[in-house]
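Novice:
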Amino acid sequence: MCDKHHEGHIEKSEKRILSPEETKRFIEEGQITWVEAKDLLDATAESCVDGRGHDGIVGTPGGNAGEFILALTVVEKAGRQELDLDKVDEILKRYLEKTGKFYFHTDDHHPDPRSGITENTTESEKEKLLETLVKAESIGCGHIGLMTKNPQEYGVRPELLKAVMKSIYKTLWEKPETMEFVVLEGGHKEGAIVNILVDGEVNDDTKIPTVAPSHDDIQIFVNHPQAVKYLRDKIAEDMEYVIGGDLGGEFNLESFKEYSQKIGDEQLKFTINNLPSAKDKPIYNIKISSDDKCEIV
Numbered sequence: 002m003c004d005k006h007h008e009g010h011i012e013k014s015e016k017r018i019l020s021p022e023e024t025k026r027f028i029e030e031g032q033i034t035w036v037e038a039k040d041l042l043d044a045t046a047e048s049c050v051d052g053r054g055h056d057g058i059v060g061t062p063g064g065n066a067g068e069f070i071l072a073l074t075v076v077e078k079a080g081r082q083e084l085d086l087d088k089v090d091e092i093l094k095r096y097l098e099k100t101g102k103f104y105f106h107t108d109d110h111h112p113d114p115r116s117g118i119t120e121n122t123t124e125s126e127k128e129k130l131l132e133t134l135v136k137a138e139s140i141g142c143g144h145i146g147l148m149t150k151n152p153q154e155y156g157v158r159p160e161l162l163k164a165v166m167k168s169i170y171k172t173l174w175e176k177p178e179t180m181e182f183v184v185l186e187g188g189h190k191e192g193a194i195v196n197i198l199v200d201g202e203v204n205d206d207t208k209i210p211t212v213a214p215s216h217d218d219i220q221i222f223v224n225h226p227q228a229v230k231y232l233r234d235k236i237a238e239d240m241e242y243v244i245g246g247d248l249g250g251e252f253n254l255e256s257f258k259e260y261s262q263k264i265g266d267e268q269l270k271f272t273i274n275n276l277p278s279a280k281d282k283p284i285y286n287i288k289i290s291s292d293d294k295c296e297i298v
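Numbering-wise (my numbering), the sequence shown opens with residue 2 and increments by one.
#1: Give me the Cα-Cα distance between Pro226 and Val199, rounded to the nearest whole angstrom.
#2: Taking its Cβ as the centre, do 16 or more other Cβ atoms sit within 10 Å of Tyr305, making it buried, or is it exposed?
#3: Apart from the five residues just before and just after Leu134, which ones in its own chain have a Cβ nearer than 6 Å to its Cβ?
#4: For Pro233 versus Ser261, is the C-beta spacing smaller than 7 Å?
#5: In chain order, what residues of the same chain lie with their CB nearer than 6 Å to the CB of Ile301, ignoring the 5 residues before and after it?
#6: For Ser290 and Thr34, I'd like the C-alpha separation in whole angstroms.
#7: The alpha helix (DSSP H) with Ile145 in it runs from where to where?
#8: Could you compute how far the alpha carbon of Pro283 sits from the alpha carbon of Gly245?
#9: For Ser215, name the three-state secondary structure that DSSP assigns.
#10: Just the C-alpha distance for Asp109 and Gly60, rounded to the nearest angstrom, thanks.
#11: Hey, is Glu178's beta-carbon within less than 7 Å of any beta-carbon in chain B?
#12: Can you tell me whether DSSP reads Ile11 as helix, strand or coil?
#13: Return yes when the Cβ of His106 is within less than 7 Å of the Cβ of Ser139, no when it is not.
#14: Could you pull the start and end residues of the alpha helix (DSSP H) that Glu91 belongs to?
#15: Pull up the DSSP beta-bridge partners for Leu210, would you.
#16: Kindly give me the distance between the Cβ atoms of Thr100 and Gly156, rounded to whole angstroms, as I take these residues to be in contact under 8 Å.
#17: Only counting runs of 4 or more residues, tell me where the alpha helix (DSSP H) segments fall wholly within the segment 251-283, in order along the chain.
#18: By the DSSP assignment, the beta strand (DSSP E) with Ile18 in it spans what residues?
#19: Among Cys142, Pro21, Glu91, which has the Cα closest to the Cα of Gly54?
#20: Would you be able to state if there are at least three C-beta pairs under 8 Å between the segment 264-274 and the segment 203-219?
#21: Identify which residue in Gly187, Leu161, Ser125 has its Cα closest to the Cα of Ile92.
#22: Which whole-angstrom value is the C-beta distance of Glu37 and Tyr104, which I expect to be below 8 Å?
#23: Please report the distance separating the alpha-carbon of Met180 from that of Ala44.
#24: May I ask you to check if the CB of Glu37 is nearer than 6 Å to at least one heavy atom of the ligand SAH?
#25: Mapping the DSSP letters down to three states, classify Thr61 as helix, strand or coil.
In structure tokens:
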């Protein structure tokens with residue numbers, strides 16, 4: 002827990018914009034737990050920054066699904082070649098071997114992709130459902146939904162994005178134990194966008210604080226930029242295996258890492274500026290120290 006000694010309380014309102022101090026108190030009043038950074042590649046999934054969840058998260062836009070899309074986009078950009086879309090299912094399988102639990106979410110305003118799928122569902126019926134699920138209006142993650150509507154602004158090849166989303170849904174149907182699939186409930190009430198920071202560079206043994214984005218009818222967007230950079234750098238080291246071959250003559254590890262941060266930052270910026278629930282919300286940096294003290298920086 003963060004230090005709870007404070008005065009006053011936070012006014013609750015669906016349209017409330019949180020001040021820096023109110024945001025700090027919100028985090029102080031929530032449960033903070035700590036995970037080692039290396040567990041982000043094993044048992045701990047990276048959740049979306051969406052503010053409607055009640056459990057502690059390490060947040061990144063789109064969760065693991067958003068990071069997988071980003072990684073394959075970077076492979077195409079850095080390697081200057083298009084991936085074979087017929088191999089995306091196998092690529093996701095190998096990605097899961099390296100990254101552990103895979104978070105993907107929808108919400109109760111959009112179709113549940115598991116609905117209607119039984120052991121008797123035919124392949125043609127599944128393909129028809131997939132064509133519906135990959136449309137922007139069917140996607141309950143705001144980040145990925147916006148990406149589907151605006152692939153050029155996100156630097157994503159539309160055909161690649163469609164193939165990736167189909168592969169994620171098929172994996173959810175066939176191997177649900179590899180997915181941390183969540184249906185978020187209710188509407189958006191986020192009062193701020195918060196970058197959760199720690200002291201120093203993140204390495205395997207760094208403790209990362211998970212933060213609950215929603216409690217007491219108040220919400221914040223939760224982003225962990227340092228943990229996300231660590232995750233992307235680690236993924237970069239495994240991409241040759243994940244892709245299953247040569248990444249192209251133009252590819253090298255450092256260019257992959259640079260592209261990951263550059264494109265990832267551009268995607269986050271577009272989402273913040275265009276997602277109705279995030280647009281015009283204040284952005285705060287809050288550092289949480291190992292003794293659970295919170296500081297606005």
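Glycine included, each C-beta is placed from N, C-alpha and C at the ideal position.
Specialist: On the basis of the coordinates in this document:
#1: 10 Å
#2: This structure cannot settle anything about residue 305, because the visible part of the chain is limited to 2 through 298.
#3: Pro114, Tyr170
#4: First, the amino acid is wrong: residue 233 is Arg here, not Pro. Going by C-beta atoms, Arg233 is nearer than 7 Å to Ser261.
#5: Past the boundaries of the shown model lies residue 301; the chain is included only from 2 to 298, so the question cannot be answered.
#6: 12 Å
#7: 143-150
#8: 42 Å
#9: strand
#10: 20 Å
#11: You won't find chain B in this structure, because it holds only one protein chain.
#12: Note on Ile11: pLDDT 48, under 50, position unreliable in the model; the coordinate value appears next. DSSP places Ile11 in coil when its eight states are reduced to three.
#13: no
#14: 89-100
#15: Per the sequence presented here, residue 210 reads as Pro, with Leu not at that position. Paired residues: Trp35.
#16: Actually they are not in contact, since the Cβ atoms of Thr100 and Gly156 sit about 21 Å apart, beyond 8 Å.
#17: 254-275
#18: Note, Ile18: premise wrong, no beta strand (DSSP E); not H, not E.
#19: Cys142
#20: no
#21: Leu161
#22: Glu37 to Tyr104, Cβ: 18 Å. No contact.
#23: 11 Å
#24: You won't find the ligand SAH in this model; it holds no ligand whatsoever.
#25: coil
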